[in-house]
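**Student:** For the sequence shown, this note's numbering gives the first residue as 6, with consecutive numbering after it.
Glycine included, each C-beta is placed from N, C-alpha and C at the ideal position.
Since this is a predicted model, take the numbers as computed values, not measurements.
Dropping a structure here in structure tokens format, bear with me for questions.
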Amino acid sequence: MKNQVIFPAVARYLSALILVQTLFFKFSASPESVYIFQTVGMEPWGRIMVGVAELIAALLLIYKPLSWLGSILSIFMMAGAIMMHVFLIGIEVMGDGGELFLLAVVVFILCSYVLYEQRAIWLDLLRNRFRL
């Protein structure tokens, strides 16, 4: 019973922490962030927009009643990040040993778990909205 409460909270907070930690690099225009977004043709507006979206996702993840929404937002963003790493910029970026790629995968997995754990909430919303 205790694990059913603790692990989802840890998954939410760890995902939010990772997202917030990477914000500094996006908003301060660190060389890695600038390189990534230049490579995909989205510098500087894409870097800033992704940073704002990650901040919103992190805040939603922390606020439990809306953490399912933060999970969905994070899953889509991390799927995009993973695809960009695999197809455009490579797993390793500027000698980071694949750390950014790994963080994206970790957030994707943790948020998928959070979304699964909160399925009763968002499934009820879908059922009520579409009368399923």
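#1: Need the endpoints of the alpha helix (DSSP H) that residue 68 sits in, please.
#2: Starting from residue 94, trace the alpha helix (DSSP H) both ways and give me its first and last residue.
#3: Within 10 Å of its beta-carbon, does residue 115 have 16 or more other beta-carbons around it, so buried, or fewer, so exposed?
#4: Please classify residue 106 as buried or exposed, where buried requires at least 16 other C-beta atoms within 10 Å of its C-beta.
#5: Are residue 109 and residue 80 closer than 8 Å when you measure CB to CB?
#6: Does the pairing of the stretch 14 to 25 with the stretch 49 to 63 give three or more beta-carbon distances under 8 Å?
#7: Can you tell me where the alpha helix (DSSP H) with residue 43 in it begins and where it stops?
#8: DSSP on residue 47, reduced to helix/strand/coil?
#9: In terms of residue numbering, what span does the alpha helix (DSSP H) encompassing residue 101 cover?
#10: If we ignore side chains and look at the alpha-carbon of each, how far apart do residue 127 and residue 89 end up?
#11: Can you give the beta carbon distance from residue 42 to residue 84, rounded, assuming they're within the 8 Å contact cut?
**Tutor:** For this structure:
#1: From DSSP, residue 68 is part of no alpha helix (DSSP H); its letter is neither H nor E.
#2: Per DSSP, residue 94 belongs to no alpha helix (DSSP H) and is neither H nor E.
#3: Counting every other CB atom within 10 Å of its CB across the protein chains shown gives residue 115 a total of 16 or more, marking it as buried.
#4: Note on residue 106: 16 or more other CB atoms within 10 angstroms of its CB, so buried under the neighbour-count rule.
#5: Contact: no.
#6: Touching, per the Cβ criterion.
#7: In the DSSP assignment, residue 43 falls within the alpha helix (DSSP H) that extends over 36 to 44.
#8: When DSSP states are grouped into helix, strand and coil, residue 47 belongs to the coil group.
#9: Careful: residue 101 lies outside any alpha helix (DSSP H) and carries neither H nor E.
#10: Residue 127 and residue 89 have their C-alpha atoms spaced approximately 28 Å apart.
#11: Not quite, the Cβ-Cβ distance comes to about 17 Å (not below 8 Å), so this is no contact.
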